[in-house]
Each structure stands twice: as C-alpha cells, then as structure tokens.
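Numbering (the numbering used here), first residue to last: 20 to 265.
All C-beta atoms, glycine included, are put in the ideal place defined by N, C-alpha and C.
The structure appears right after this line, and notes come after that.
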C-alpha cells in the first residue's frame with residue numbers, strides 16, 4: 020500500500036467525513052476570527068483551536084468516523100484525540116513578518132516551510148528537540164480551495180526514521196527530549212530534498228490525508244487566483260510511550 024511504502028495516503032470524501040467537515044467548518048471559521056495570525060496575517064497555526072472531544076466529535080455534532088481514521092487507529096493503540104489544529108491560509112501567503120529573518124522567510128517561500136511535527140525549534144538559534152512524540156498526522160479538508168496545498172516528500176519518512184533510530188537508540192528514551200537533534204535533522208532534510216520528489220496534495224471538503232509521523236511536509240505558497248481561505252483540521256495524538264516514536 021502507498022502508506023506503508025511512501026508514508027502517506029489520501030482518502031476521498033465519504034458521507035461520514037463530509038458530515039463532520041460541514042459541521043466543523045462554521046465553528047472553525049468563527050474561531051479563526053480571533054486566533055493568532057502570522058506571516059503578514061496570511062497564516063493561522065490554529066493549534067488546539069477546535070472544541071472537539073476525545074473521539075473527535077464537536078458538541079451536538081456528528082461522530083468523527085471514516086476510512087482515514089480507521090487506518091490511523093490501526094497504526095497504534097487507539098489514542099484519545101486532542102483538540103484539533105485548525106490550520107488556515109489566506110491569499111498572499113507567505114508574507115514576511117517583522118523580526119523574521121530573511122533566511123527563515125526564504126525557507127518558507129522556497130521550501131514550503133518543510134518540517135517534521137514534534138521537533139520544535141527553540142531559542143534564538145532555533146535548536147530542535149523532540150517535544151511531541153506524535154503517533155501519526157491526520158488532516159481533513161474543511162474547504163474546497165486548492166490554493167496553498169499541503170506539500171509532501173514521499174519516501175522521506177523511511178529516511179528520517181532510519182536517521183532517528185541511529186541518533187536516539189543509544190540513549191535512554193527518558194533523556195531524548197534533552198538531545199539536540201538539529202544538525203542531524205538538517206542534514207537528513209537536505210538528503211530528502213535531493214532524493215525525494217516534492218508533491219502537492221490539495222484537500223477538498225471532507226477529503227483526508229494520513230501521514231507517517233516522520234514524513235517531511237509543509238505548505239505551498241499561495242499562487243492561485245482564488246480568494247477566500249484554505250482551512251484544514253489536523254489531529255496529531257501523542258504516543259503513550261516515547262520510545263515507540265522511532
């Protein structure tokens with residue numbers, strides 16, 4: 020299957036995901052009106068923005084179900100879902116924020132801000148440590164805007180996982196969060212850019228994409244003439260045992 024080989028799979032909209040997305044969209048739009056916006060107000064990270072329960076359902080809304088969730092749950096022991104991230108992009112993304120370095124802005128514009136979730140850049144030198152050991156990443160489209168789609172590098176998950184196994188395995192998992200993985204992360208990312216194809220994965224309303232937790236991914240610049248806003252809900256539950264992350 021594509022997921023096992025390439026680290027990602029896309030799922031067409033089905034009745035369950037359409038009902039969920041249609042119910043969530045007005046709540047997401049309302050929440051975005053007061054949420055933080057960055058990069059010249061063209062992007063909202065929307066972390067923990069949706070008021071859903073541990074099964075993914077919103078109050079008085081339909082259950083969160085479908086083939087994508089079933090596949091995700093098959094990858095690890097069933098996990099409680101956090102409040103979903105509502106990631107939103109507006110025309111003109113990405114603009115350069117005041118105080119943002121030229122290098123960081125250039126990377127966002129030219130390399131889609133490609134990253135792996137859970138390895139957070141911290142401090143003035145943006146050194147990365149493992150802070151969130153996600154089990155998987157599941158995105159559900161809340162709009163039909165094709166502009167600024169999700170970007171993936173299929174095959175990158177296997178490359179990163181092998182690198183992370185070499186880096187973390189000699190150490191007790193209790194200390195993984197103290198290890199600075201920045202240099203390995205950046206060198207492995209360069210390998211991925213050189214060896215893996217870049218693809219864009221736009222999501223329509225109710226469509227879903229499932230990513231391996233080690234998949235390099237990002238957001239393409241807004242190059243479309245479309246107006247409005249591209250909105251995606253993301254679930255990234257954390258593993259109960261950090262040692263399972265590699």
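Local conformation of residue i per DSSP, three classes
i: residue 14; result: Outside the displayed span of the chain (20 to 265) sits residue 14, for which this structure offers no information.
i: residue 265; result: coil
i: residue 146; result: strand
i: residue 231; result: strand
i: residue 255; result: coil
i: residue 107; result: strand
i: residue 190; result: coil
i: residue 213; result: helix
i: residue 13; result: The structure shown does not extend to residue 13, since the chain is modelled only from 20 through 265, so no value can be given for it.
i: residue 158; result: strand
i: residue 238; result: strand
i: residue 169; result: strand
i: residue 203; result: helix
Of the residues the options, the one placed nearest residue i, counting alpha carbons only
i: residue 215; options: 238, 164, 170; result: 170
i: residue 203; options: 182, 189, 211; result: 182
i: residue 257; options: 98, 209, 217, 250; result: 98
i: residue 197; options: 155, 263, 52, 139; result: 139
i: residue 117; options: 259, 56, 155, 49; result: 56
i: residue 190; options: 113, 163, 262; result: 262
i: residue 51; options: 219, 91, 176, 70; result: 70
i: residue 290; options: 201, 208, 25, 209; result: The chain is shown only over 20 to 265; residue 290 falls outside these bounds and no answer can be derived.
i: residue 232; options: 137, 53, 246; result: 137
i: residue 143; options: 37, 119, 152; result: 119
i: residue 148; options: 194, 122, 155; result: 194
Alpha-carbon spacing of residue i relative to residue j, whole angstroms
i: residue 106; j: residue 131; result: 14 Å
i: residue 165; j: residue 158; result: 14 Å
i: residue 78; j: residue 72; result: 8 Å
i: residue 178; j: residue 88; result: 25 Å
i: residue 199; j: residue 34; result: 44 Å
i: residue 59; j: residue 65; result: 15 Å
i: residue 239; j: residue 63; result: 14 Å
i: residue 184; j: residue 234; result: 15 Å
8 Å contact criterion, which residue i and residue j should meet: CB distance rounded
i: residue 46; j: residue 102; result: The Cβ separation is near 11 Å, so there is no contact.
i: residue 160; j: residue 251; result: 6 Å
i: residue 268; j: residue 109; result: Residue 268 is absent from the structure shown; the chain starts at 20 and stops at 265.
i: residue 29; j: residue 226; result: 7 Å
Could you tell me which uninterrupted alpha helix (DSSP H) segments, each at least 4 residues in length, are contained entirely in the segment 27-105, listed from first to last along the chain?
Restricted to the segment 27-105, the alpha helix (DSSP H) segments that are unbroken, complete and at least 4 residues in length are 34-51, 86-93, listed in chain order.
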